[in-house]
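Accompanying notes for the structure given below.
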Amino acid sequence: MPKCDLKVDINRRLFLSRGSAALAAGAAVAVTGVPQEAKAKPASARVDYPSNRLANLKDLKVNEAFDVAYPDADAPGVLLKLGTPVEGGIGPDNDIVGFTAICPHKGFPLAYKADEKALSCPGHYSRFDCEKGGHQIWGHATQNLPQYTLRIDAKGDIYAEGLDELLYGRLSNVL
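Sequential numbering of the sequence shown, starting at 0, is according to numbering that gives the first Met the number 0.
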């Protein structure tokens with residue numbers, strides 16, 4: 000599986016200490032003029048994620064989480080065959096979706112609750128509705144759950160080809 004090196008290891012104190020240094024440097028640039036490298040085009044925040052095979056249709060059971068990892072081994076996720084058609088669902092019944100299994104609030108691992116068709120966080124109790132594209136329905140998270148962009152080939156293999164939200168702990172995604 001291709002490696003995605005976009006993780007961030009920084010805390011608030013480190014960010015603020017680096018941020019104040021950058022602010023001081025920015026003030027110096029304002030006095031002396033714009034450095035040449037700042038005149039270059041800004042880099043795109045969009046990441047081109049790899050197309051990874053996650054499973055086959057026959058691997059999935061209705062309303063049971065199938066553990067996967069995307070875009071790399073450090074990003075756990077789930078594929079779900081919900082049993083009813085949903086917006087963004089793929090497959091013969093338009094009921095297959097995939098999500099990251101890490102809470103976007105503080106990075107706790109999420110658990111699938113089949114009776115609610117929701118992913119739940121044990122840390123601060125955020126819940127995400129799997130039938131509604133990972134929409135947050137409760138808790139401290141400030142964004143919806145990142146959902147995989149999926150496709151199925153003629154053999155029934157399911158591939159992830161991107162994400163619609165920022166992964167917890169990653170620098171960029173689709174900002």
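Backbone N, C-alpha and C define an ideal beta-carbon position, used for all residues, glycine too. Keep in mind that this is a model prediction, so the values were computed, not measured.
Rounded separation between residue 124 and residue 47 - CA only = Sequence index remark: in the sequence shown, residue 124 carries index 125 (1-based). Sequence index remark: in the sequence shown, residue 47 carries index 48 (1-based). Whole-angstrom Cα-Cα distance: 32 Å.
inquiry  = Can you tell me whether residue 156 is helix, strand or coil according to DSSP?
reply    = The residue labelled residue 156 in the question sits at position 157 within the sequence shown. Residue 156: strand per DSSP, three-state reduction.
inquiry  = Quick check on the DSSP output: the beta strand (DSSP E) that includes residue 77 runs from which residue to which?
reply    = Position 78 of the sequence shown holds residue 77. Looking at the DSSP string, the run of the beta strand (DSSP E) that includes residue 77 is 75–80.
key: residue 117 versus 50, 51, 54 and 62, residue with shortest Cα-Cα distance   = The residue you call residue 117 lines up with position 118 of the sequence shown. Residue 117 has its Cα closest to that of 62, out of 50, 51, 54 and 62.
inquiry  = Which of the three DSSP states is assigned to residue 204 in this structure?
reply    = With the chain covering 0 to 174 only, the question about residue 204 has no answer from this structure.
request  = Please classify residue 57: is it buried, with 16 or more other beta-carbons within 10 angstroms of its beta-carbon, or exposed?
outcome  = Residue numbering aside, residue 57 sits at position 58 when the sequence shown is read from its first letter. Under this definition residue 57 is an exposed residue.
ask   = What residues in its chain sit with their C-beta under 6 Å from that of residue 93, if we drop five residues either side in the sequence?
value = In the sequence shown, residue 93 corresponds to position 94, counting from 1. Here the set comprises 84.
key: Cα-Cα separation, residue 137 to residue 120   = As a position in the sequence shown, residue 137 is number 138, starting the count at 1. As a position in the sequence shown, residue 120 is number 121, starting the count at 1. Their backbone Cα atoms lie some 10 Å apart in a straight line.
query = Taking C-alpha atoms, which residue in 162, 52, 59 and 53 lies nearest to residue 133?
reply = Locating residue 133 in the sequence shown gives position 134, counting from the first residue. Nearest option by C-alpha distance: 162.
request  = Would you mind working out which of 103, 66 and 50 sits nearest residue 144, comparing C-alpha positions?
outcome  = Position 145 of the sequence shown, counting from 1, holds the residue named residue 144. Residue 144 has its Cα closest to that of 103, out of 103, 66 and 50.
ask   = For residue 169, which three-state DSSP category applies?
value = For the purposes of this step, residue 169 is identified with residue 170 of the sequence shown, where counting begins at 1. Three-state result, residue 169: strand.
Best match in 115, 114, 106 and 110 for proximity to residue 140 [C-alpha to C-alpha] = If you number the sequence shown from 1, residue 140 lands on position 141. Out of 115, 114, 106 and 110, 106 has the C-alpha closest to the C-alpha of residue 140.
key: Simplified DSSP state of residue 66, which is helix, strand or coil   = Indexing the sequence shown from 1 puts residue 66 at position 67. If DSSP states are grouped into helix, strand and coil, residue 66 belongs with the strands.
key: Residue nearest to residue 131 in terms of C-alpha spacing, selected from 170, 81 and 108   = Position 132 of the sequence shown, counted from the first residue, corresponds to residue 131. The shortest C-alpha separation from residue 131 is found at 81.
query = Can you give the Cα-Cα distance for residue 157 and residue 151, rounded to whole angstroms?
reply = The residue labelled residue 157 in the question sits at position 158 within the sequence shown. The residue labelled residue 151 in the question sits at position 152 within the sequence shown. Those two C-alpha atoms are separated by around 5 Å.
task = Express the C-alpha separation of residue 53 and residue 68 in angstroms, rounding to a whole number.
result = The sequence position of residue 68 within the sequence shown is 69, counting from 1. The sequence position of residue 53 within the sequence shown is 54, counting from 1. If I take the Cα positions, the gap works out to 8 Å.
ask   = What residues in its chain sit with their C-beta under 7 Å from that of residue 155, if we drop five residues either side in the sequence?
value = Position 156 of the sequence shown holds residue 155. Closer than 7 Å at Cβ, skipping near neighbours: 55, 56 and 57.
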